[in-house]
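> Take the sequence shown: its letter number 95 is residue 89 in this note's numbering, and every next letter is one higher.
All C-beta atoms, glycine included, are put in the ideal place defined by N, C-alpha and C.
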Amino acid sequence: MRFLDEEGFGRLMALLAARGYVVIGPTVRDGAIVLDRIDGAKDLPRGIREAQGPGAYRLEATGDHQLFAWSHGPDSAKRFLFPPREVLSTATRLEGELRVDPAPLPEVRYAFVGLRSCDLHAIEVQDRVFAIADPAYRKRREESFYVGVNCGHPGGTCFCDSMGTGPRCAAGFDLALTELGGGFTVEPGTARGEELLSELGSREATGAEAAAAAAVTDGARERMGRRLETDDLPGLLYRNREHPRWDQVASRCLTCTNCTMVCPTCFCNDVVDGISLDGTEATRTREWASCFSEEFSHMAPGDVRKSARSRYRQWLTHKFASWIDQFGTSGCVGCGRCITWCPVGIDVTEEIAAIRVTDGEVAVAEEVVA
Ligand code: SF4
Ligand code: SF4
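(1) What does the Cβ neighbour count give for Gln320, buried or exposed, with the cut at 16 atoms within 10 Å?
(2) Considering only heavy atoms of ligand 3, does any lie closer than 7 Å to the CB of Arg331?
(3) If we ignore side chains and look at the alpha-carbon of each, how far apart do Val356 and Gly229 end up?
(4) Taking its Cβ as the centre, do 16 or more other Cβ atoms sit within 10 Å of Phe3, making it buried, or is it exposed?
(5) Hey, would you say the C-beta of Thr249 is under 7 Å away from at least one heavy atom of ligand 1?
(6) Using the Cα positions of Arg132 and Asp212, report the straight-line distance between them to the nearest angstrom.
(7) So for His312, helix, strand or coil by DSSP?
(8) For the alpha helix (DSSP H) containing Arg350, name the first residue and the last one.
(9) Taking 8 Å as the limit between beta carbons, can you name the residues of its chain near Leu88, skipping five residues before and five after?
(10) Beta strand (DSSP E) containing Phe267: first to last residue?
(11) Is it true that the region 24 to 32 meets the region 66 to 74, where meeting means three or more beta-carbon pairs spaced less than 8 Å apart?
(12) Grab the span of the alpha helix (DSSP H) containing Ser245 for me, first residue to last.
(13) Please state whether DSSP places Asp24 in a helix, a strand or coil.
(14) Along the chain, where does the alpha helix (DSSP H) containing Pro228 start, and where does it finish?
(15) Here's a check: name, in chain order, each residue in its chain whose Cβ is nearer than 8 Å to the Cβ of Val363, leaving out the five neighbours to either side.
(16) Would you say Gly47 touches ligand 2, meaning its beta carbon is less than 7 Å from a heavy atom?
(17) Check Ala164 in the structure and name its three-state DSSP category.
(18) Distance, Cα to Cα, Gly325 vs Gln60?
(19) For Asp105, which option in Asp168, Pro96 and Ala97 has the closest C-alpha, if you only look at C-alpha atoms?
(20) Rounded to a whole number of angstroms, what is the C-alpha to C-alpha distance between Ala202 and Ala185?
(21) If contact is defined by three or more beta carbon pairs under 8 Å, each pair taking one atom from either stretch, is the region 181 to 196 in contact with the region 306 to 317?
(22) Using only the alpha-carbon positions, how far apart do Ala276 and Val102 sit?
(23) According to the neighbour-count rule (16 or more other Cβ atoms, all chains shown, within 10 Å of its Cβ), is Leu271 buried or exposed?
(24) How is the alpha helix (DSSP H) around Gly142 delimited, first residue to last?
(25) Between Gln120 and Thr279, how many whole angstroms is the CB-CB distance? I'm expecting something under 8 Å.
(26) Taking Asp121 as part of the alpha helix (DSSP H), name the residues at either end of that continuous run.
(27) Could you check if Thr323 belongs to the surroundings of ligand 2, using beta carbon to heavy atom distance under 7 Å?
(28) Do Leu75 and Ile117 have their C-beta atoms within less than 8 Å of each other?
(29) Excluding the five sequence neighbours on either side, which residues of its own chain have a C-beta within less than 6 Å of the C-beta of Glu361, listed in chain order?
(30) Ile340: beta carbon under 7 Å from a heavy atom of ligand 1?
(31) Secondary structure at Met7, three-state DSSP: helix, strand or coil?
(32) Tell me, to the nearest whole angstrom, how far the beta carbon of Gly219 is from that of Thr151; I am working on the premise that it is less than 8 Å.
(33) Looking at Lys72 and ligand 2, is the gap between the Cβ and the nearest heavy atom below 7 Å?
(34) Using 8 Å as the threshold, is the C-beta distance between Ile346 and Leu222 below it?
(35) Under the three-state reduction of DSSP, which class applies to Ser156: helix, strand or coil?
(36) By the DSSP assignment, the alpha helix (DSSP H) with Ile42 in it spans what residues?
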């Protein structure tokens, strides 16, 4: 384990930019910590922390000098690796001939700074959907550099410890930092991370610094905002698809789609065709979609999931149960964003716990989809 002082951290940011990466990191905008292009450590949220709960989020000044003393805001790397809108191809008609051109592959190379362990795991979850068949995603993903930050400040809605995805970065990073007073401990996770670290003028971390770094994530584990009992979640949800709790949550759910937009693993998308007014050019665009919208389940006879109940049940059951059948991993990394950014404060951990309490008391009926 190495130690990098604050100046060394500044050199890390400068070196990433010098190597041609677009550096994406946390910064304060519109009252939230978002991910955006940053121009060095000066743009990071120094001395800022956030307080969040179901349907609630606000920033506060801490009066100290820490750069990473907060839990994530609504953004995740998803917005960059799988953009909300992306042109897939254009078709042009010229003198009676139709030419179709796939969109050129993206040239941008991102360096993500400050991703938490839950979000590094979320990227690996999205890989299972996009990395095989989507060359633009694959290129962005493979050419990006990942600087993780071990979490010492879990949010009020976080439950990564329950999902086994944090708070300590275990995989998916080139470099993992832990913020201590006056600098960072640094661990390389890849050969390119090691190579970059060798240029930064770090020193070997002392035993006390290594112990302090371990204490940061141990403390985060204890202060985790939420817990979730994960034992046999697929069985629990499949057994209880007629549970009355689905009606209760549906009476609150606005089907606004917020939870799916902020979720770092949700991958559903739609493909939309547009055409120029003179009819000579058409554009095919991919856009984020949500299983909470009515048209999402539109089939020949009409919309399959007509009720909020069926849509909420589908989303939660997919996240915590059928995702495992499909991809061999949970669709939830315990980031808590869907709880914080739900306008009515619906909490997945509370909904699952309520179903577990009365597990077995509700008879399983034949599948009802609407
Ligand atoms: S659960 Fe909350 S965020 Fe999700 S669709 Fe319903 S109201 Fe919106
Ligand atoms: S379901 Fe909620 S807690 Fe789980 S990864 Fe998505 S936004 Fe985060």
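The short version:
(1) Locating residue 320 in the sequence shown gives position 326, counting from the first residue. That one is exposed.
(2) Ligand 3 is not among the ligands present in this structure, which contains only ligand 1 and ligand 2.
(3) Here residue 356 refers to the residue found at position 362 when the sequence shown is read from its first residue. Here residue 229 refers to the residue found at position 235 when the sequence shown is read from its first residue. In this model, Val356 and Gly229 are separated by some 14 Å (Cα to Cα).
(4) Here residue 3 refers to the residue found at position 9 when the sequence shown is read from its first residue. A buried status is given to Phe3, since no fewer than 16 other beta-carbon atoms sit within 10 Å of its beta-carbon.
(5) Along the sequence shown, one-based indexing puts residue 249 at 255. Distance from the C-beta of Thr249 to the nearest heavy atom of ligand 1 is below 7 Å.
(6) Looking up residue 132 in the sequence shown gives position 138. Looking up residue 212 in the sequence shown gives position 218. Computed Cα separation, rounded: 34 Å.
(7) Sequence index remark: in the sequence shown, residue 312 carries index 318 (1-based). Note: His312 maps to helix in three-state DSSP.
(8) For the purposes of this step, residue 350 is taken as the residue at position 356 of the sequence shown. Segment Val342 to Val351, the alpha helix (DSSP H) holding Arg350.
(9) Locating residue 88 in the sequence shown gives position 94, counting from the first residue. So the qualifying residues of the chain are Thr274.
(10) Within the sequence shown, numbered from 1, the residue matching residue 267 stands at position 273. In the sequence as displayed, the identity of residue 267 is Asp instead of Phe. Judged by DSSP secondary structure, Asp267 falls within the beta strand (DSSP E) whose first and last residues are Asn263 to Ile269.
(11) The region 24 to 32 is in contact with the region 66 to 74.
(12) Reading the sequence shown from its first residue, position 251 is the one you call residue 245. Counting along the chain, the alpha helix (DSSP H) containing Ser245 begins and ends at Arg239 to Arg246.
(13) Residue mapping note: residue 24 aligns to position 30 of the sequence shown, counting from 1. Looking at Asp24 - three-state DSSP - the assignment turns out to be coil, as it is neither helix nor strand.
(14) Mapped onto the sequence shown, residue 228 falls at position 234. First-last of the alpha helix (DSSP H) with Pro228: Leu227 to Arg233.
(15) To locate residue 363, count along the sequence shown from 1; it is residue 369. Legend: pLDDT at Val363 = 43, less than 50; position of this residue unreliable, value from coordinates given subsequently. Excluding its 5 nearest sequence neighbours in each direction, Val363 has C-beta neighbours in its own chain below 8 Å: Val298, Arg299 and Ser304, listed in chain order.
(16) To locate residue 47, count along the sequence shown from 1; it is residue 53. Not one heavy atom of ligand 2 falls within 7 Å of the beta-carbon of Gly47.
(17) By 1-based counting over the sequence shown, the position of residue 164 is 170. DSSP places Ala164 outside both helix and strand once states are collapsed to three, so it counts as coil.
(18) On the sequence shown, position 331 is the one that residue 325 refers to. On the sequence shown, position 66 is the one that residue 60 refers to. Cα-Cα distance, rounded: 32 Å.
(19) On the sequence shown, position 111 is the one that residue 105 refers to. Note that residue 105 is Ala in the sequence shown, not Asp. Comparing Cα-Cα distances from Ala105 to each of Asp168, Pro96 and Ala97, the minimum goes to Asp168.
(20) In the sequence shown, residue 202 corresponds to position 208, counting from 1. In the sequence shown, residue 185 corresponds to position 191, counting from 1. Taking the straight line from one Cα to the other gives about 26 Å.
(21) Contact between the region 306 to 317 and the region 181 to 196 is absent: fewer than 3 CB-CB pairs across the two stretches fall below 8 Å.
(22) As a first step, residue 276 must be located in the sequence shown, where it is residue number 282. As a first step, residue 102 must be located in the sequence shown, where it is residue number 108. Distance between Ala276 and Val102, taken at the CA atoms: about 25 Å.
(23) Position 277 of the sequence shown, counted from the first residue, corresponds to residue 271. That one is exposed.
(24) Counted from its first residue, the sequence shown places residue 142 at position 148. Judged by DSSP secondary structure, Gly142 falls outside any alpha helix (DSSP H) and instead within the beta strand (DSSP E) spanning Phe139 to Val143.
(25) To locate residue 120, count along the sequence shown from 1; it is residue 126. To locate residue 279, count along the sequence shown from 1; it is residue 285. With a contact defined as Cβ atoms closer than 8 Å, Gln120 and Thr279 miss out at about 19 Å.
(26) On the sequence shown, residue 121 is found 127 positions in, with the first residue counted as 1. Per DSSP, Asp121 is one residue of the alpha helix (DSSP H) stretching across Ser111 to Phe124.
(27) Numbered from 1 along the sequence shown, position 329 holds the residue referred to as residue 323. No - ligand 2 has no heavy atom lying nearer than 7 Å to the Cβ of Thr323.
(28) For this step, residue 75 is matched to residue 81 along the sequence shown. For this step, residue 117 is matched to residue 123 along the sequence shown. Ile117 sits close to Leu75, with the two beta carbons spaced by under 8 Å.
(29) Here residue 361 refers to the residue found at position 367 when the sequence shown is read from its first residue. Because Glu361 carries a pLDDT of 47, less than 50, the predicted location of this residue cannot be relied on, and the following value inherits that uncertainty. So the list is empty, once near-sequence residues are dropped.
(30) Within the sequence shown, the letter at position 346 stands for residue 340. At least one heavy atom of ligand 1 is nearer than 7 Å to the Cβ of Ile340, so yes.
(31) In the sequence shown, counting from the first residue as 1, residue 7 sits at position 13. In the three-state reduction of the DSSP assignment, Met7 falls in the helix class.
(32) One-based indexing of the sequence shown puts residue 219 at position 225. One-based indexing of the sequence shown puts residue 151 at position 157. Yes, Gly219 and Thr151 are in contact; Cβ-Cβ is about 5 Å, under 8 Å.
(33) Taking the sequence shown and counting its residues from 1, one reaches residue 72 at position 78. No.
(34) Position 352 of the sequence shown, counted from the start, is the residue given in the question as residue 346. Position 228 of the sequence shown, counted from the start, is the residue given in the question as residue 222. Yes, these two residues count as a Cβ contact at 8 Å.
(35) The residue labelled residue 156 in the question sits at position 162 within the sequence shown. Assigned with DSSP and collapsed to three states, Ser156 falls in helix.
(36) To locate residue 42, count along the sequence shown from 1; it is residue 48. Taken as a continuous stretch (DSSP letters only), Ile42 belongs to no alpha helix (DSSP H), being part of the beta strand (DSSP E) at Ile42 to Gly47.
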